Every structure is written in C-alpha cells, then in structure tokens.
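Novice: When you line the sequence shown up against our numbering, it's residues 38 to 147, in that order.
Could you have a look at this structure, given as structure tokens, before my questions?
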Amino acid sequence: MLGREGKISMNMVTSVAELPALRPIANTMLSNLEFVAGKTYADFNPESDHVAEYGLAALVAGGLAAKKLGLLALAAAFFAKFAKLIIAGALALGYGVKTLFGRKKAEPDA
Numbered sequence: 038m039l040g041r042e043g044k045i046s047m048n049m050v051t052s053v054a055e056l057p058a059l060r061p062i063a064n065t066m067l068s069n070l071e072f073v074a075g076k077t078y079a080d081f082n083p084e085s086d087h088v089a090e091y092g093l094a095a096l097v098a099g100g101l102a103a104k105k106l107g108l109l110a111l112a113a114a115f116f117a118k119f120a121k122l123i124i125a126g127a128l129a130l131g132y133g134v135k136t137l138f139g140r141k142k143a144e145p146d147a
C-alpha cells in the first residue's frame, strides 16, 4: 500500500493448504490498514514532498531498481564508515604476504 512518505508491505506466510482459510483474515487486515490523515498517497504535494529516484514502475515491478539502489547506498555507507579499518587491514595483509613470500636478506659473513 502506497503512502505519501513510503509504502507498507504485508507478507502472509502459510502453507498452501491453509491459504483458503487465512485469505479472508488477510483481506480483513488489509482493509483495516489506514495511513494517518494527510499521509495517504492521495495527499501527495509535489511542491514539498520528496520524489524517489526509482519511480512507481520499479516499485510495482518488484522493486528491483529500488533494491539495487539501496544495496549500493548500503555498500557506500559501510565503506565510508569502515574505510580506515578496511585500508589498514589491506595494508597489514599485504605486508604479511610480502614477509611470507619475499626474499630474505642475506646474512653477512662473520
């Protein structure tokens, strides 16, 4: 169900055998679902409300574009938060590999 500031998604998890008995309950729950006054999809104000980059077509088509956008944003936020730690770990790993496989210096003769 679409609202002014997002969507509400409801999932029903049941067996196929129980589906006919639970469908009326799901329809009742869905019909009782309401947004707060002023937050419905019909209350959209193009002058002040945010418009998503992926649009309604992507949302209806399974949200693939929205999920990709969300995954990239999540990866960017993770990298930004842990960039120093990731870089330090990569440098330590590189030093360890160099030490393990690098040529050993010849010891001077006494």
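Ideal placement from N, C-alpha and C gives every residue a C-beta, glycine not left out.
Note that this is a predicted model, so its numbers are computed, not measured.
#1: Are the CB atoms of residue 69 and residue 41 nearer to each other than 9 Å?
#2: CA-CA distance, residue 109 and residue 116?
#3: Measure how close the beta-carbons of residue 49 and residue 63 come, nearest whole angstrom, since I'm counting them as under 8 Å.
#4: Is the beta carbon of residue 66 sitting closer than 9 Å to the one on residue 38?
#5: Give me the Cα-Cα distance between residue 132 and residue 119, rounded to the nearest whole angstrom.
Specialist: So, from the listed chains and residues:
#1: Residue mapping note: residue 69 aligns to position 32 of the sequence shown, counting from 1. Residue mapping note: residue 41 aligns to position 4 of the sequence shown, counting from 1. Residue 69 is not a Cβ neighbour of residue 41, given a cutoff of 9 Å.
#2: Looking up residue 109 in the sequence shown gives position 72. Looking up residue 116 in the sequence shown gives position 79. So the two alpha carbons sit approximately 11 Å from each other.
#3: One-based indexing of the sequence shown puts residue 49 at position 12. One-based indexing of the sequence shown puts residue 63 at position 26. About 5 Å separates the CB atoms of residue 49 and residue 63; that is less than 8 Å, so the two are in contact.
#4: By one-based count along the sequence shown, residue 66 stands at place 29. By one-based count along the sequence shown, residue 38 stands at place 1. Cβ distance not < 9 Å, so residue 66 and residue 38 don't count as in contact.
#5: For the purposes of this step, residue 132 is identified with residue 95 of the sequence shown, where counting begins at 1. For the purposes of this step, residue 119 is identified with residue 82 of the sequence shown, where counting begins at 1. The alpha-carbon of residue 132 is positioned some 20 Å away from that of residue 119.
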